[in-house]
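Residues in the sequence shown are numbered from 0 upward in steps of one, following numbering that gives the first Met the number 0. Notes follow once the structure below has been shown.
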Amino acid sequence: MGERGLLKSLARHKLVGIDTSPFIYHLEKDPEYSKLTLRLLEEVENGSLKALTSTLTLMEVLVRPKQIGNMQAAEDYRFLLKTFPNLALKPIDDNCAERASDLRAAYGLKPPDAIQIGTALSNRATGFVTNDDKLKRVSELQIIVLGDYVER
Numbered sequence: 000m001g002e003r004g005l006l007k008s009l010a011r012h013k014l015v016g017i018d019t020s021p022f023i024y025h026l027e028k029d030p031e032y033s034k035l036t037l038r039l040l041e042e043v044e045n046g047s048l049k050a051l052t053s054t055l056t057l058m059e060v061l062v063r064p065k066q067i068g069n070m071q072a073a074e075d076y077r078f079l080l081k082t083f084p085n086l087a088l089k090p091i092d093d094n095c096a097e098r099a100s101d102l103r104a105a106y107g108l109k110p111p112d113a114i115q116i117g118t119a120l121s122n123r124a125t126g127f128v129t130n131d132d133k134l135k136r137v138s139e140l141q142i143i144v145l146g147d148y149v150e151r
């Protein structure tokens with residue numbers, strides 16, 4: 000399916016939530032996924048697609064740079080998430096927590112997954128970009144799994 004397939008899936012949505020993994024793949028230049036994450040982020044940057052992620056993503060992307068003492072990378076990652084065009088960094092508020100609890104009750108999701116998808120749903124996203132195949136069982140929005148678009 001490749002990049003074209005990903006773009007076709009993204010084109011169905013005005014607003015998508017983005018999980019932490021696509022950002023990590025992009026920032027760490029993952030050889031398998033960075034072409035797809037580049038296309039995803041180009042679509043967001045040029046305004047063809049609006050996106051959001053929760054503040055949980057900020058916490059998760061900062062862990063590795065802090066573990067290895069690379070404070071410049073941590074600052075760069077923070078700056079990227081907070082200033083990227085057409086990407087909203089959404090706080091985890093009461094509404095997100097309620098949606099997350101609904102998702103945990105219905106699907107048995109892990110708390111971080113429930114928070115990420117709950118944040119997307121509470122902000123009216125209709126798609127969610129991740130690389131966690133297990134999240135496909137969530138039916139409230141389209142789960143777009145990057146691994147489905149990798150050309151092998």
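Every residue gets a Cβ at the ideal spot worked out from N, C-alpha and C, and that includes glycine.
- For LEU88, the enclosing beta strand (DSSP E) starts and ends at 86-89.
- In the DSSP assignment, the residues bridged to GLY16 are LEU51, PHE127.
- With respect to GLY16, THR54 sits apart: the two C-beta atoms are not nearer than 8 Å.
- Judged by DSSP secondary structure, ILE143 falls within the beta strand (DSSP E) whose first and last residues are 141-144.
- Close CB contacts of ALA99 within its chain, under the 6 Å cut and outside five residues either way in sequence, are with ALA113, ILE114, GLY117 (chain order).
- Cβ-Cβ separation between THR56 and PHE78: approximately 14 Å, too far for a contact (criterion under 8 Å).
- A check of alpha carbon separations from LYS135 across PRO111, TYR106, LYS34 identifies TYR106 as the nearest.
- Taking C-beta atoms under 8 Å as the contact rule, VAL43 and LEU86 qualify, at a distance of about 6 Å.
- Straight across, the Cα-Cα distance linking MET58 with SER121 is about 20 Å.
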